[in-house]
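Let me begin by presenting the structure, written as structure tokens, before commenting on it.
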Amino acid sequence: MKFDEFLFSYLGEMGKYQKLQFLLVCFPTIIVSMHALSWSLAAAPVPFRCALPFETPESPYLSNDTSLSIRECRYWNDLPVSENESGTYGVHCFYNEECELDGEQCVMHVYDRSRIRYSAVDRWDISCSRGWIRATVQAFYYIGQMIGSMVFGVLGDRIGRKKVFFIAILLQITCGLGSVVAPTWSSFAVLRAGLGFSHPGIFVIAVVIGMELVGPQYRKLASVITGGFFAVGQILLGFEGYLITDYRYLQLAIVSPAFLFLSYWWLVPESARWLVSQRKFEEANKVLQRAAKVNNVSLPEKWWEQLDIDSDSSERKSVKKYKLWDLFKTPVLRKRTLVTFFLWPVVSMVYYGMAMKPNALGGDIYINFVFSATVEIPALILVLLIIDKVGRRLVLSGGYFLAGGCLLMNYFMGDNATLVVSIIQMMITKGAITGVYASIYTYSPELFPTVIRNTAMGCCSTIARLGAISASYISLWIVESFGKVYMIVPFAILAILAGLLTLVFLPETMGKSLPETIAQVENADKPEPQEMQLLAKKELDEASNQHESTNEALKSV
Numbered sequence: 007m008k009f010d011e012f013l014f015s016y017l018g019e020m021g022k023y024q025k026l027q028f029l030l031v032c033f034p035t036i037i038v039s040m041h042a043l044s045w046s047l048a049a050a051p052v053p054f055r056c057a058l059p060f061e062t063p064e065s066p067y068l069s070n071d072t073s074l075s076i077r078e079c080r081y082w083n084d085l086p087v088s089e090n091e092s093g094t095y096g097v098h099c100f101y102n103e104e105c106e107l108d109g110e111q112c113v114m115h116v117y118d119r120s121r122i123r124y125s126a127v128d129r130w131d132i133s134c135s136r137g138w139i140r141a142t143v144q145a146f147y148y149i150g151q152m153i154g155s156m157v158f159g160v161l162g163d164r165i166g167r168k169k170v171f172f173i174a175i176l177l178q179i180t181c182g183l184g185s186v187v188a189p190t191w192s193s194f195a196v197l198r199a200g201l202g203f204s205h206p207g208i209f210v211i212a213v214v215i216g217m218e219l220v221g222p223q224y225r226k227l228a229s230v231i232t233g234g235f236f237a238v239g240q241i242l243l244g245f246e247g248y249l250i251t252d253y254r255y256l257q258l259a260i261v262s263p264a265f266l267f268l269s270y271w272w273l274v275p276e277s278a279r280w281l282v283s284q285r286k287f288e289e290a291n292k293v294l295q296r297a298a299k300v301n302n303v304s305l306p307e308k309w310w311e312q313l314d315i316d317s318d319s320s321e322r323k324s325v326k327k328y329k330l331w332d333l334f335k336t337p338v339l340r341k342r343t344l345v346t347f348f349l350w351p352v353v354s355m356v357y358y359g360m361a362m363k364p365n366a367l368g369g370d371i372y373i374n375f376v377f378s379a380t381v382e383i384p385a386l387i388l389v390l391l392i393i394d395k396v397g398r399r400l401v402l403s404g405g406y407f408l409a410g411g412c413l414l415m416n417y418f419m420g421d422n423a424t425l426v427v428s429i430i431q432m433m434i435t436k437g438a439i440t441g442v443y444a445s446i447y448t449y450s451p452e453l454f455p456t457v458i459r460n461t462a463m464g465c466c467s468t469i470a471r472l473g474a475i476s477a478s479y480i481s482l483w484i485v486e487s488f489g490k491v492y493m494i495v496p497f498a499i500l501a502i503l504a505g506l507l508t509l510v511f512l513p514e515t516m517g518k519s520l521p522e523t524i525a526q527v528e529n530a531d532k533p534e535p536q537e538m539q540l541l542a543k544k545e546l547d548e549a550s551n552q553h554e555s556t557n558e559a560l561k562s563v
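Sequential numbering from 7 applies to the sequence shown in the numbering used here.
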């Protein structure tokens, strides 16, 4: 008897115990979500002007109410300045007004603290020629996340899900508290990398624990619920960012609830599936007996003696190990690989770009932040309802087309777009690209054969981080320096191109059996030549009885 057969025949696929445990492991993903995008609000753009030679960063901010103008990033040494009776200066600046006089780069800025009391931009003077710092700090998060995906994936299989989960929580708390008191932007960036490193250790392991608890028919629903919790974190972050306008206190507010999750050491047990794989049957029995008690069922004594563990182990040892370059050796698989390696960074770039710069199409950053997160929930539900009816390819390409179309519409409307229209366009774009993200995790594993599926999905996840890193520089630096057109147009073109590539080069997989071998992929739509038949026989012998390992844990890495 396989472990799945035993587990779900006695405990059920979604009993009371599974529901409680799944809910518990989902809560930490809220904090992960808030940390992932907190820099967008902690370093929200603040109006500024050049500090004159005699001023300090604490000098009063000057508003646009006189005819004398000073460009944001320049000053003139011989400019006459006078102080009036109210204690404010008679020199004010108009933003973005080109100056005809020759000036030099100013070395200091004065920031408007009327709305945002203390931003990281203010703290480290991240303006003008230093604008790249804002993007780099966020890029560090995604670099840490990329490395963490590799490290925690291996550790989770070696030392157990629970230990990795708590190592990541402790790292998140440490780096989160450190970011409150970081003295320099570079130290803050390193701490952001630490937070990114902990991201997969919490989020992915939580998903793994949850997926290993529920039956196959509930796993798609479970993945949508997990994505919903991630969206809830963004909604809460939007409200907190609006109410807490000092970036230090915002960081503290985000990290503080994580201390509650330390109690999970006693509430969340180790994965029974992992314990069985390690032959720790007594420990697995304690976990499952506890589950059986909550579900009001009973387990047979020494149930592990009924499991086919020895045969599974010998099968795994006999299977050929495929490498990355095997994805490119045959024409059909090579085509699928190249297309998916393009689709993943595009969806990551557009999703995180819109999340980090929700007001790119117009509107208030805080209102748009909440709206853009809220729209993710119905988008996820819609994908869940239609992906098995309409088909993976149409849902995926349709999401790309809708996102790209809304971006182009906003570009062509320009200043004629009202605030309401801009917000609606932003919400449709974010909802569409969220649907793409959800469906691509279902579609991509079905394109690759079992013998190399994990390798392919691992590569897709890694390449997707490159898209997120690029989005950091585009949305947080290039847009601020050169205008939103440099984000809207490239994102739109890439999204539409991704939709076209999906329709033209990728097959529909709905209702089809998952390919087991590379030969099956190569001959999906044509008769098998003799050499392919021989290759298929060889691969089937090597991969006989190998379990499908789609690796749902890569979800939302």
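We put the CB at the ideal spot given by N, CA and C, even for glycine. Here the structure is a predicted model, which is why all the values come from computation and not from measurement.
Under 8 Å between C-beta atoms of residue i and residue j
i      : j      : result
Ser44  : Ile260 : yes
Ala409 : His205 : no
Leu500 : Val442 : no
Gly137 : Ser487 : yes
Ile149 : Ala199 : yes
Ile387 : Ala264 : no
Ala504 : Met355 : no
Val303 : Ala290 : no
Ala444 : Gly239 : no
Leu507 : Val353 : no
Gln151 : Arg471 : yes
Tyr270 : Thr461 : no
Ile429 : Asn374 : yes
Spatial distance of residue i from residue j (CA atoms)
i      : j      : result
Lys22  : Thr515 : 33 Å
His553 : Pro222 : With a pLDDT of only 41 at His553, under 50, the local geometry of the prediction cannot be trusted, and no value is derived from it.
Pro275 : Leu242 : 28 Å
Met463 : Asn422 : 43 Å
Thr380 : Tyr358 : 15 Å
Pro384 : Gly437 : 8 Å
Phe9   : Gly216 : 16 Å
Ser450 : Thr435 : 22 Å
Phe209 : Phe33  : 10 Å
Leu391 : Ile371 : 31 Å
Met20  : Phe407 : 36 Å
Val495 : Phe172 : 42 Å
Gln480 : Gly369 : Reading off the sequence shown, one finds Ile at residue 480, where the question assumed Gln. Cα to Cα, Ile480 sits roughly 19 Å from Gly369.
Arg121 : Thr251 : 8 Å
Ser476 : Pro364 : 16 Å
Phe377 : Leu367 : 13 Å
Val160 : Asn301 : 32 Å
Lys395 : Tyr117 : 54 Å
Val214 : Val338 : 31 Å
Phe28  : Ile231 : 10 Å
Leu493 : Gly404 : Leu is not the amino acid found at residue 493; the sequence shown has Met there. If I take the Cα positions, the gap works out to 21 Å.
Asp314 : Leu520 : 23 Å
Cys99  : Phe54  : Confidence at Cys99 is low in this model, with a pLDDT of 41, below 50, so its placement is unreliable and no value can be given for it.
Pro253 : Gln312 : The residue asked about is misnamed: residue 253 is Tyr in this sequence, not Pro. One C-alpha to the other measures close to 56 Å.
Val527 : Lys226 : 24 Å
Pro66  : Arg119 : 9 Å
Arg597 : Leu333 : This structure does not reach residue 597, given that the chain is present from 7 up to 563, and the question cannot be answered.
Cβ separation of residue i and residue j, assumed to be a contact under 8 Å, to the nearest whole Å
i      : j      : result
Trp350 : Ile446 : 7 Å
Phe203 : Gly154 : 4 Å
Ile393 : Thr448 : 6 Å
Thr35  : Phe236 : 6 Å
Cys112 : Cys181 : About 33 Å separates the two Cβ atoms, so there is no contact after all.
Ser125 : Ala50  : 6 Å
Asp131 : Val52  : Contact flag wrong, Cβ pair sits at about 11 Å.
Val31  : Ala228 : Wrong, their Cβ atoms sit about 10 Å apart, outside the cutoff.
Thr523 : Pro455 : 5 Å
Leu258 : Ala48  : About 11 Å separates the two Cβ atoms, so there is no contact after all.
Leu482 : Met362 : 6 Å
Per DSSP, cross-strand counterpart(s) of residue i
i      : result
Asp252 : Tyr124
His115 : Cys56
The ligand FAD heavy atom lying under 7 Å from the CB of residue i
i      : result
Val213 : Only the bare structure without any ligand can be found here, which leaves the ligand FAD out of the picture.
is_contact[residue i, chain B] using C-beta, thresh 8 Å
i      : result
Gly517 : Of the chains in the structure shown, none is chain B; there is only one protein chain.
Problem - the region 240–248 touching the region 408–425, judged by at least three CB pairs closer than 8 Å - result: Between the region 240–248 and the region 408–425 there are fewer than three inter-stretch CB-CB distances shorter than 8 Å, so the stretches are not counted as touching.
Problem - At least 3 beta-carbon pairs within less than 8 Å: the region 10–20 vs the region 284–298 - result: The region 10–20 is in contact with the region 284–298.
Practice task
Specify whether the region 271–291 and the region 165–172 touch according to this definition: at least 3 beta carbon pairs, one from each stretch, less than 8 Å apart.
Solution key: As far as the Cβ criterion goes, the region 271–291 touches the region 165–172, which means the pair count is three or higher.
Practice task
Decide yes or no for the touch test of the region 125–145 against the region 469–487: beta carbon pairs closer than 8 Å, at least 3 of them.
Solution key: Segments in contact, yes.
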